[in-house]
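Structure record follows, encoded as structure tokens.
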Amino acid sequence: MKKLFTALAAASTLVAFADTYPSKPISIVVPFSAGGPTDRVARDLAEAMRKPMGGISILVDNAAGAGGSIGANKVAKAAPDGYTLLLHHIGMATMPTLVRNIPFKVESDFEYVGMVNDVPMTLIGRPSLPAKNYKELTVWIGQNKGKINLGNAGVGSASHLCGLMFQNALGVDMTTVPYKGTAPAMTDLIGGQIDFMCDQTTNTSTQIEAKKVQAYAVTSSKPLTTPALKDLPTLQDMGLKGFEVTIWHGLYAPKGTPADVVAKINAALKVALKDADFIKKQEGLGAVVVSDKRMEPAEHKKFVAAEIAKWSPVIKAAGVYAD
Ligand code: ASP
């Protein structure tokens, strides 16, 4: 009898909790620096989710470092109450293979809320690089072997994965310069402190448009239509057979977040992803909002598991790990 009473009391607390959620500001943890490509998506998303969340403030918390694992770990260990969420990208699928000792489990430490967008990447160089197009870039790389500095957002980040694949495809080793996100890497690229980077279009398109960096190619399988990127060739067209890196973002809550709360966040996410202004902003940055199917938590989980299976052999073949 006592057990039944306890169970009923716990259940009614949960119902009451879900009824009043959200009643205070929510934070979306971004595991990279402010002003970078994932931060950009998070800030647009936070704005678009505010209204469907009943007008509650949604703040972005940049817990940057270690290629995105510090922020992910923060959310894995946060209270499962729906007030701390994580926006992360393809790193959720590459980290389990790339990083030997990640302090959390991608598949079991999170509630999957739904996916957000797909984002291609761009090969960009410092403004003073003598190469003016992709062909010239490959010549320049050939002439500067052993001297090229490649920026990235740390082991496990999208720029790390893309840079790694590019070096493998060309058979050239570059010196990696890791940052806490590609926002500070971009500052150094513009300043000429590093030579080269592969970064998400949500960070590069505005810099390319402003002619602050040189752009050489996109990593999507098809050319892009975004004005700033539409003249760039794909790496496949430039002869790198099968080269495609399109990263994606998804929203997560700590494991154990009540199902009703996850459902409320998912409902707000769906409203945000249908918001014309949000869609326009994403398109302007070369990103594409996911299909209705991939907005569903179960699909999100299935997709990440498939991406882990897809990338694991690629990373193992490249033989790059970090502790
Ligand atoms: N998404 C990272 C950032 O926001 C960059 C990366 O993963 O390469 O800085």
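Note that numbering that gives the first Met the number 0 gives residue 50 to position 51 of the sequence shown, counting from 1, and the numbers run on in steps of one. Heads up, the beta-carbon is just placed ideally off N, CA and C, and yes, glycines get one too. Treat the numbers as computed from the prediction; the structure is a model and nothing was measured.
Which partner residues does Met114 have in the DSSP bridge list?
Locating residue 114 in the sequence shown gives position 115, counting from the first residue. In the DSSP output, where bridge partners are listed per residue, Met114 has Gly249.
What's the gap between the Cα of Tyr251 and the Cα of Tyr82?
What you label residue 251 is simply residue 252 of the sequence shown in a count that begins at 1. What you label residue 82 is simply residue 83 of the sequence shown in a count that begins at 1. Cα-Cα distance, rounded: 11 Å.
Near Ala9, which residues of its chain fall below 6 Å by C-beta distance, leaving aside the five closest residues on each side in sequence?
As a working mapping, residue 9 is identified with position 10 in the sequence shown. Annotation note: pLDDT 48 at Ala9 (below 50); position unreliable, coordinate value reported separately. There are no such residues.
Only counting runs of 3 or more residues, tell me where the beta strand (DSSP E) segments fall wholly within the stretch 198-272, in order along the chain.
If we require 3 residues or more, the beta strand (DSSP E) runs fully inside the stretch 198-272 come out as 213-217, 245-253.
First and last residue of the beta strand (DSSP E) that includes Asp60?
As a first step, residue 60 must be located in the sequence shown, where it is residue number 61. Where Asp60 is concerned, the enclosing beta strand (DSSP E) stretches over 57-61.
Reducing DSSP to helix, strand and coil, say where Gly67 ends up.
The residue labelled residue 67 in the question sits at position 68 within the sequence shown. DSSP places Gly67 in helix when its eight states are reduced to three.
Measuring from the CB of Ala369, is there a heavy atom of ligand 1 at a distance below 7 Å?
Shown here, the chain extends from 0 to 322; a query on residue 369 therefore has no answer.
Here's the rule I'm using: 16 or more other beta-carbon atoms within 10 Å means buried, otherwise exposed. How should Pro312 be labelled?
Counting from 1 along the sequence shown, the entry for residue 312 is found at position 313. By the neighbour-count rule (16 or more Cβ atoms within 10 Å), Pro312 is not buried but exposed.
Taking 7 Å as the cut-off, is the CB of Ala157 close to at least one heavy atom of ligand 1?
Taking the first residue of the sequence shown as 1, we reach residue 157 at position 158. Yes, the beta carbon of Ala157 sits closer than 7 Å to at least one heavy atom of ligand 1.
At which residue ranges does the stretch 116-161 contain complete beta strand (DSSP E) runs of 3 or more residues, listed in the order of the chain?
Whole beta strand (DSSP E) segments, 3+ residues: 148-151.
Which residues bound the alpha helix (DSSP H) around Asn171?
Taking the first residue of the sequence shown as position 1, residue 171 is located at position 172. One detail in the question is off: residue 171 reads as Val in this sequence, not Asn. From DSSP, Val171 is part of no alpha helix (DSSP H); its letter is neither H nor E.
Quick test of your reading: Phe242 and Cys197, contact by CB under 8 Å. State the CB separation rounded to the nearest angstrom.
Taking the first residue of the sequence shown as 1, we reach residue 242 at position 243. Taking the first residue of the sequence shown as 1, we reach residue 197 at position 198. With a Cβ gap of about 11 Å, Phe242 and Cys197 do not count as contacting.
State the DSSP-derived secondary structure class of Ile307, mapped to helix, strand or coil.
For this step, residue 307 is matched to residue 308 along the sequence shown. Helix, per DSSP.
Does the stretch 218-234 come within contact of the stretch 188-195, defined as at least 3 CB pairs closer than 8 Å?
With a cut-off of 8 Å, the stretch 188-195 and the stretch 218-234 do not count as touching, because too few Cβ pairs lie within range.
Roughly how many whole angstroms lie between the Cα atoms of Lys273 and Ala41?
In the sequence shown, counting from the first residue as 1, residue 273 sits at position 274. In the sequence shown, counting from the first residue as 1, residue 41 sits at position 42. Each residue's alpha carbon lies about 16 Å from the other.
Among all the DSSP beta bridges, which residues are the ones paired with Leu86?
The residue you call residue 86 lines up with position 87 of the sequence shown. Leu250.
Let me confirm a value: Ala6 is counted as buried when at least 16 other C-beta atoms fall within 10 Å, else exposed. Which label applies?
What you label residue 6 is simply residue 7 of the sequence shown in a count that begins at 1. With a pLDDT of 49 at Ala6, under the threshold of 50, the modelled position of this residue cannot be trusted; read the value that follows with caution. Under this definition Ala6 is an exposed residue.
Output needed for Gly35: all residues of its chain with C-beta closer than 6 Å, excluding positions within five of it in sequence on either side, in chain order.
Looking up residue 35 in the sequence shown gives position 36. Once the five neighbours on either side are set aside, the close Cβ partners of Gly35 are Gly180, Thr181, Ala182, Asn202.
Quick one: what's got a C-beta closer than 8 Å to Asn72's C-beta in the same chain, skipping five residues either side?
Counting from 1 along the sequence shown, the entry for residue 72 is found at position 73. So the qualifying residues of the chain are Ile101, Pro102, Phe103.
Please classify Lys263 as buried or exposed, where buried requires at least 16 other C-beta atoms within 10 Å of its C-beta.
Within the sequence shown, numbered from 1, the residue matching residue 263 stands at position 264. Its Cβ being crowded by 16 or more others within 10 Å, Lys263 is buried.
I need the boundaries of the alpha helix (DSSP H) containing Ile101, first residue and last residue.
For this step, residue 101 is matched to residue 102 along the sequence shown. Counting along the chain, Ile101 falls outside any alpha helix (DSSP H), and DSSP gives it neither H nor E.
By how many angstroms is the C-alpha of Ser68 removed from the C-alpha of Pro30?
Locating residue 30 in the sequence shown gives position 31, counting from the first residue. Locating residue 68 in the sequence shown gives position 69, counting from the first residue. Going from the Cα of Pro30 to the Cα of Ser68 covers about 7 Å.
What distance in whole Å lies between the Cβ atoms of Val288 and Asn116, which are believed to be in contact at a cut-off of 8 Å?
Taking the first residue of the sequence shown as position 1, residue 116 is located at position 117. Taking the first residue of the sequence shown as position 1, residue 288 is located at position 289. That pair is a contact at about 5 Å.
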